[in-house]
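Protein chains in written order, with the numbering used here: chain A, 1 to 270; chain B, 1001 to 1146.
For each residue, glycine too, the CB sits at the ideal point set by N, CA and C.
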């Protein structure tokens, strides 16, 4: 029993570290590992994971808010749709078939791996559009970036979907929201990362209270997860400098692919 | 902390590394506004830090209690309706549940903080939006308890 506890903790630390280094949630590493290798039931893993996403978000926002990097207005606009989706998703999650969840998860893993296949395919920022214009100061070189938002309605629809997925699978949805903001809506990458990070916490909290209320959060799993993620998120940026981002990315893509295959197999063979 | 001031300050824009505007280039009114926003921003971050530290402390304390007392933990963490009485009864699961709940509350704080910031800026539209998001989140909380 305590071995599992420690292993969950260690997994969460690694997941938190990777998550904070790469800007996507640790959930995509955490959930597959503890369900596939540590025999944690999927719904329990999802409940624990959704709480850990909050840790990643709140811890990072302490930095992003200071840098004024988060586009709060855009986040609130999109969160109207996302939180509504999250309620839908988490209410459904407690009812839905586990196999269906596994398939969905495998699909999400593949989708994320695909999105990471090459180096930052970030779109160059576009000029202010008059809609939700914002600016930030790049901490690396001090220059001010001005940008505007496009395709807001599409962004909201996709955010609703992302919210649903978040509620269903216990993921932050960052892997979906980040490309939505950066590639579709024209937000510069750094601001998109900060804003996505802000949003995933809000979405996850909405789902988390439903999960807790329905008794789907098992402390034996959730507590080491939460502590591990909080620790990992601190360590991540510190050791991130040791590895090249390409190395990290390759490891991540391979891991996600491996998990996707295994999740799909589990769903198929039950 | 040592990043402030020196090499990250761009001579061109005069903007500080923390994203706030250089105060010398603003009018008196804008300066006042930036100062208030800066204060609120700092306040929200402090509350966040408090929440995260509280959460970690409760969780670790709960684990220590559990290690010392032994016994099994319930399979489900509970909302404060149950975890507060548990805490008062000296049960480790009370501490653990509250620790988890404290963590879950931090985004609520962020949204409420955003509401205050928008209200302070007289930005009715986004203040209302933040209030609505907060309402949806609270609805989730109530739905969870149902």
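Comparing alpha-carbon positions, the option among A:182, A:115, A:98 and A:79 lying closest to residue 44 of chain A turns out to be A:98. Of A:227, A:251, A:257 and A:238, the smallest CA-CA separation from residue 1061 of chain B is found for A:227. Taking a contact as a CB-CB distance under 8 Å, the pair residue 30 of chain A and residue 17 of chain A does not count as one, their CB atoms being some 11 Å apart.
A direct Cα-to-Cα measurement between residue 1044 of chain B and residue 1110 of chain B gives close to 7 Å. Closest in alpha carbon position to residue 1039 of chain B, among B:1113, B:1056 and B:1108, is B:1113. Within chain B, no C-beta atom comes nearer than 7 Å to that of residue 134 of chain A; the closest sits roughly 11 Å away. Between residue 1087 of chain B and chain A, the shortest Cβ-Cβ separation is not below 9 Å. One alpha carbon belongs to residue 132 of chain A, the other to residue 1107 of chain B, and they sit about 22 Å apart.
Contacts with chain A (Cβ-Cβ distance below 8 Å) from the region 1090 to 1107 of chain B involve 1093, 1096, 1097, 1099, 1100, 1101, 1103, 1104, 1105, 1106 and 1107, listed in chain order. Here the region 89 to 108 of chain A makes no contact with the region 219 to 234 of chain A; the two share fewer than three CB pairs at distances below 8 Å.
Residue 1133 of chain B sits buried, since 16 or more C-beta atoms from the chains shown fall within 10 Å of its C-beta. A direct Cα-Cα distance of roughly 12 Å separates residue 6 of chain A from residue 222 of chain A.
Nearest in C-alpha terms to residue 1104 of chain B, of all of A:34, A:211 and A:10, is A:211.
The beta carbon of residue 153 of chain A sits no closer than 9 Å to any beta carbon of chain B. Proximity of residue 131 of chain A to chain B, defined by a Cβ-Cβ separation below 9 Å, is not satisfied.
Fully enclosed alpha helix (DSSP H) runs of no fewer than 4 residues occupy 98 to 115 of the region 84 to 156 of chain A, in order along the chain. For residue 188 of chain A, the secondary structure class from DSSP, reduced to helix, strand or coil, is coil.
Contacts with chain A at 9 Å (Cβ-Cβ) include residue 1140 of chain B.
Linking residue 153 of chain A to residue 59 of chain A through their CA atoms gives a straight-line distance of about 30 Å. Residue contact with chain B for residue 113 of chain A: absent (no Cβ-Cβ distance below 9 Å to any residue of chain B). By the beta-carbon neighbour count (other beta carbons within 10 angstroms, threshold 16), residue 1071 of chain B is exposed. Two segments are said to touch when three or more pairs of C-beta atoms, one from each, lie closer than 8 Å; by this definition the region 1046 to 1058 of chain B does not touch the region 199 to 206 of chain A. Between residue 68 of chain A and chain B, the shortest Cβ-Cβ separation is below 9 Å. By the Cβ test, the region 246 to 261 of chain A is not in contact with the region 81 to 100 of chain A, since fewer than three Cβ pairs between them sit closer than 8 Å. DSSP places residue 1121 of chain B outside any alpha helix (DSSP H), giving it a letter other than H or E. Cβ-Cβ separation between residue 191 of chain A and residue 71 of chain A: approximately 6 Å, consistent with a contact (criterion under 8 Å).
The residue from A:21, A:35 and A:10 with its alpha-carbon nearest to that of residue 259 of chain A is A:35. Straight-line spacing of the CA atoms in residue 182 of chain A and residue 62 of chain A works out to 22 Å. Taking 7 Å as the Cβ-Cβ cut-off, the region 50 to 82 of chain A approaches chain B at 51, 54, 55, 57, 58, 59, 61, 62, 65, 66, 67, 68, 69, 72, 73, 76, 77, 79 and 80, given in chain order. Shown here, residue 218 of chain A sits in coil according to DSSP, grouped into three states, outside any helix or strand. Relative to the Cα of residue 27 of chain A, the nearest Cα in the group A:77, A:48 and A:41 belongs to A:48. Residue 204 of chain A places its beta carbon less than 9 Å from that of residue 50 of chain A. By alpha-carbon distance to residue 134 of chain A, the top candidate from A:68, A:173 and A:20 is A:68.
By the Cβ-count criterion, residue 1059 of chain B is buried, with 16 or more other Cβ atoms from all chains shown falling within 10 Å of its own Cβ. Within chain A, no residue has its beta carbon less than 9 Å from that of residue 1071 of chain B; the closest one is some 12 Å off.
Of all residues in the region 1053 to 1068 of chain B, those with a C-beta nearer than 8 Å to a C-beta of chain A are 1055, 1056, 1059, 1060, 1062 and 1063, reading in chain order.
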